[in-house]
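Chemist: Below is the structure I would like to discuss, written out as structure tokens.
Chains as they are written, first to last, in our numbering: chain A, 3 to 91; chain B, 72 to 647.
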């Protein structure tokens, strides 16, 4: 299992478009993944789950990935966060 | 029993079909339990409905193209993800298993549970995502029933609803809806503009009672021109409907004949209609419809969706083909109009601008990236050897920007001549007027440009400080604001006084409803998507320019949107 602390740094936070990107990224991997923020843990492969976190800019989230391809999956998510979801529009 | 409702005709066309009523809260489903032995069957039924919706959305995605693909595609992607969301699916199966609920009631419970969490959020953006979830759940619900009753989709039906969002218009049309009737909305809303551009009959603003009085399956006769909606039409109504359909077919034929006619007002003044284009097909269509030329050729597509910059040679071939395609008619090509909000993969635009609309975009980006402007100018200048070509700069806000590009253009022209290329003697350089500063300070730099093109989409957004894609702003984004009217008028007048051609190339130029207003403001050149070119030509041919211009003072006196809409209604030409 891989755990990693991440900060939501794009301006709009985990809104629909960013969430869609996250879910699409993870859908390419078999591992299960969750995000935890504000004391709530949600399925990171669920767009509704992630949107329900209502994580705005600056929110700290904990990513947890578990499965046979957990390493590349976690890396893909970390890189997505670092690239601020390629948008900030 | 026959009943009539009268709304406002927002998009012409006549339709006769069965009603599909969409209530504001679409899921009014009563609690319903099923026996244990039906549980697994109910789950299968639900998943079959979800599979149907998935196929429908996929098919719809395939059929979208051009600008719509971008705008609507984003919604569809989100909806597809929601449809396959584990939170949604697992929750539903479990409700049916443990609660022994019908699939319908499980959908409703799930919808209410998710909606309640979203609605409790502080952030208006997240709150409004309930609409997306409602749309997805509504689709599944509709598919469940379609399957049961063997009812077709909205294809061939007339949608009756409280309102429709702009993004839905294109979806519904692609699904085959025949017409739309809404209880709210304006004929000048973004949805209405879209419906007209897609030739989808639309009646807005019928009495609220329509949603209660009209039932699913009622036969409706809708006239998108007069705004008349008749429930259970009688023999006379049906005859009238057939008459209108014949009339429309005749009208389409006549419209087609306008391809070879001039765009001349009743008092004999010729107006120039140019086409906005970004593909070979657009250029071919513009030529076939008798456009005066291409008024705005967008070059962004050359730079998007790829990893490296197009070189001079590739750009040259594309620009040359546009010029050749128009066989001697004027072609205006806009230099790269990229900003941080467009996802280029070349790394040209900045990634993390806090405010891309006000950032490094348009001509600013071209000037900031070494070699970018030069390569594009060289390609354009080389293409100028094949026919009349003008260069248009986007997002101009200072005189220096134009002068810097002008100097670069001169340099490039000298170089290319020395290298033996046959190029035009003179290549006009123009500026988009979309930054309010450029419009207001126009007297200071109109001497530096050869022509102007008013980009109303961005001008309105910047002038009113209203993002056109922000749903929370409602109708705040509108060209029908006295500030817009006055500024557009000032730009047109000054350009004419100084002998510089000026066109409007925003969305409003393509909608015949706005034509009398723009003519009254003095506009003589329109640049629009070819799809509505003939309709605009027909409207202009029914306008009396001198009379409209004599009514300009009343337009400029209008104090608000309602006043401007009233002027537009009073001055709409009667089209035989």
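For every residue, glycine included, the Cβ atom is placed at its ideal position computed from N, Cα and C.
Whose CA, out of B:166, B:401, B:203, B:173, lies closest to the CA of residue 151 of chain B?
Modeler: Indexing the second chain from 1 puts residue 151 of chain B at position 80. Considering only alpha carbons, the answer is B:203.
Chemist: Can you name the residues that DSSP bridges to residue 68 of chain A?
Modeler: Counting from 1 along the first chain, the entry for residue 68 of chain A is found at position 66. In DSSP, residue 68 of chain A forms a bridge with A:34.
Chemist: Note the first and the last residue of the continuous alpha helix (DSSP H) segment covering residue 610 of chain B.
Modeler: To locate residue 610 of chain B, count along the second chain from 1; it is residue 539. Segment 604-612, the alpha helix (DSSP H) holding residue 610 of chain B.
Chemist: Distance check for residue 520 of chain B and residue 279 of chain B, CA to CA, integer angstroms please.
Modeler: Stepping through the second chain from its first residue, residue 279 of chain B is reached at position 208. Stepping through the second chain from its first residue, residue 520 of chain B is reached at position 449. Cα to Cα, residue 279 of chain B sits roughly 52 Å from residue 520 of chain B.
Chemist: Distance check for residue 89 of chain B and residue 287 of chain B, CA to CA, integer angstroms please.
Modeler: In the second chain, counting from the first residue as 1, residue 287 of chain B sits at position 216. In the second chain, counting from the first residue as 1, residue 89 of chain B sits at position 18. Cα to Cα, the separation comes out at about 7 Å.
Chemist: Along the chain, where does the alpha helix (DSSP H) containing residue 169 of chain B start, and where does it finish?
Modeler: To locate residue 169 of chain B, count along the second chain from 1; it is residue 98. First-last of the alpha helix (DSSP H) with residue 169 of chain B: 157-170.
Chemist: Taking Cβ positions, are residue 405 of chain B and residue 459 of chain B nearer each other than 8 Å?
Modeler: Mapped onto the second chain, residue 405 of chain B falls at position 334. Mapped onto the second chain, residue 459 of chain B falls at position 388. Not a contact, by the Cβ cut-off of 8 Å.
Chemist: Give the DSSP bridge partners of residue 591 of chain B, in chain order.
Modeler: Taking the second chain and counting its residues from 1, one reaches residue 591 of chain B at position 520. BP columns for residue 591 of chain B are empty, so no partner.
Chemist: Does the region 513-529 of chain B come close enough to the region 558-574 of chain B to have 3 or more Cβ pairs within less than 8 Å?
Modeler: Enough Cβ pairs lie closer than 8 Å, so yes.
Chemist: Within 8 Å of any Cβ in chain B, is that where the Cβ of residue 48 of chain A sits?
Modeler: Mapped onto the first chain, residue 48 of chain A falls at position 46. For residue 48 of chain A, the answer is yes, since a Cβ of chain B falls inside 8 Å of its Cβ.
Chemist: Decide if residue 31 of chain B is buried, meaning its Cβ has at least 16 other Cβ atoms within 10 Å, or exposed.
Modeler: Summary: the structure shown does not reach residue 31 of chain B, with chain B confined to residues 72 through 647, and so no result is reported for it.
Chemist: Taking only beta carbons into account, state which residues of the region 54-65 of chain A come closer than 8 Å to chain B, listed in chain order.
Modeler: Those residues of the region 54-65 of chain A that come within reach of chain B (Cβ to Cβ, closer than 8 Å) are 54, 56, 58.
Chemist: For a contact defined as C-beta to C-beta under 7 Å, what are the partners of residue 22 of chain A on chain E?
Modeler: The structure shown contains no chain E; the protein chains it does contain are A and B.
Chemist: Return the CA-CA distance between residue 74 of chain B and residue 206 of chain B, expressed in angstroms with no decimal places.
Modeler: Looking up residue 74 of chain B in the second chain gives position 3. Looking up residue 206 of chain B in the second chain gives position 135. For residue 74 of chain B and residue 206 of chain B, the distance between alpha carbons rounds to 30 Å.
Chemist: Quick check on residue 67 of chain A - is its C-beta less than 8 Å from some C-beta in chain B?
Modeler: Within the first chain, the letter at position 65 stands for residue 67 of chain A. No, its Cβ sits nowhere closer than 8 Å to a Cβ of chain B.
Chemist: Find the nearest neighbour of residue 83 of chain B within the set B:293, B:455, B:425, judged by alpha-carbon distance.
Modeler: Position 12 of the second chain, counting from 1, holds the residue named residue 83 of chain B. Measuring from the Cα of residue 83 of chain B, the nearest candidate turns out to be B:293.
Chemist: Taking buried to mean at least 16 other C-beta atoms within 10 Å of its own C-beta, is residue 3 of chain A buried or exposed?
Modeler: In the first chain, the residue the question calls residue 3 of chain A occupies position 1. Its Cβ having fewer than 16 others within 10 Å, residue 3 of chain A is exposed.
Chemist: Quick one: Cα of residue 440 of chain B to Cα of residue 228 of chain B, how far?
Modeler: Counting from 1 along the second chain, the entry for residue 440 of chain B is found at position 369. Counting from 1 along the second chain, the entry for residue 228 of chain B is found at position 157. Near 52 Å, if we compare the C-alpha coordinates of residue 228 of chain B and residue 440 of chain B.
Chemist: With a cut-off of 8 Å, does the C-beta of residue 158 of chain B fall near any C-beta of chain A?
Modeler: Taking the first residue of the second chain as position 1, residue 158 of chain B is located at position 87. Interface residue, yes.
Chemist: For residue 200 of chain B and chain A, any beta-carbon pair shorter than 8 Å?
Modeler: Locating residue 200 of chain B in the second chain gives position 129, counting from the first residue. It does; some Cβ of chain A falls within 8 Å.
Chemist: Does the beta-carbon distance from residue 121 of chain A to residue 57 of chain A come in below 8 Å?
Modeler: The displayed coordinates of chain A run from 3 to 91. Any statement about residue 121 of chain A would go beyond what the structure contains.
Chemist: Run the CB neighbour count on residue 40 of chain A, radius 10 Å, all protein chains shown included, and call it buried at 16 or more, exposed below.
Modeler: In the first chain, the residue the question calls residue 40 of chain A occupies position 38. It counts as exposed.
Chemist: State the DSSP-derived secondary structure class of residue 490 of chain B, mapped to helix, strand or coil.
Modeler: Position 419 of the second chain, counting from 1, holds the residue named residue 490 of chain B. DSSP places residue 490 of chain B in coil when its eight states are reduced to three.
Chemist: Between residue 281 of chain B and residue 78 of chain B, what straight-line distance do the alpha-carbon atoms span, to the nearest angstrom?
Modeler: As a working note, residue 281 of chain B is residue 210 in the second chain. As a working note, residue 78 of chain B is residue 7 in the second chain. Cα to Cα, the separation comes out at about 10 Å.
Chemist: Is residue 315 of chain B helix, strand or coil when you go by DSSP?
Modeler: Residue mapping note: residue 315 of chain B aligns to position 244 of the second chain, counting from 1. Helix.
Chemist: Please list, in chain order, the residues of the region 25-52 of chain A that have any C-beta partner in chain B closer than 9 Å.
Modeler: Going along the region 25-52 of chain A in chain order, one finds 25, 26, 29, 44, 45, 47, 48, 49, 50, 51 with a Cβ nearer than 9 Å to chain B.
Chemist: Measure from the C-beta of residue 75 of chain A to each C-beta in chain B and report whether the shortest distance is under 8 Å.
Modeler: Sequence index remark: in the first chain, residue 75 of chain A carries index 73 (1-based). No, because no Cβ of chain B sits closer than 8 Å to the Cβ of residue 75 of chain A.
Chemist: Quick one: using the 10 Å Cβ neighbour count with 16 as the cut-off for buried, is residue 259 of chain B buried or exposed?
Modeler: For the purposes of this step, residue 259 of chain B is identified with residue 188 of the second chain, where counting begins at 1. Buried is the call here.
Chemist: Looking only at its chain, what residues have a beta carbon closer than 7 Å to the beta carbon of residue 633 of chain B, apart from the 5 residues adjacent to it on each side?
Modeler: If you number the second chain from 1, residue 633 of chain B lands on position 562. Nothing listed; no residue qualifies.
Chemist: Would you mind telling me which residues of chain B sit closer than 8 Å to residue 18 of chain A, beta carbon to beta carbon, in chain order?
Modeler: Start at 1 with the first residue of the first chain, and residue 18 of chain A comes out as number 16. What residue 18 of chain A touches in chain B: 149, 200, 203.
Chemist: Could you have a look at residue 74 of chain B and say whether DSSP puts it in helix, strand or coil?
Modeler: Counted from its first residue, the second chain places residue 74 of chain B at position 3. Reduced to three states, the DSSP call for residue 74 of chain B is strand.
Chemist: Counting along the chain, where does the alpha helix (DSSP H) carrying residue 387 of chain B start and finish?
Modeler: Along the second chain, one-based indexing puts residue 387 of chain B at 316. From DSSP, the alpha helix (DSSP H) with residue 387 of chain B extends over 383-396.
Chemist: For the beta strand (DSSP E) that contains residue 374 of chain B, what are its first and last residues?
Modeler: Residue numbering aside, residue 374 of chain B sits at position 303 when the second chain is read from its first letter. Premise fails: residue 374 of chain B is in no beta strand (DSSP E) and is neither H nor E.
Chemist: Can you tell me which of B:369, B:606, B:125 puts its alpha carbon nearest to the alpha carbon of residue 584 of chain B?
Modeler: Mapped onto the second chain, residue 584 of chain B falls at position 513. Of the listed residues, the one whose Cα sits closest to residue 584 of chain B is B:606.
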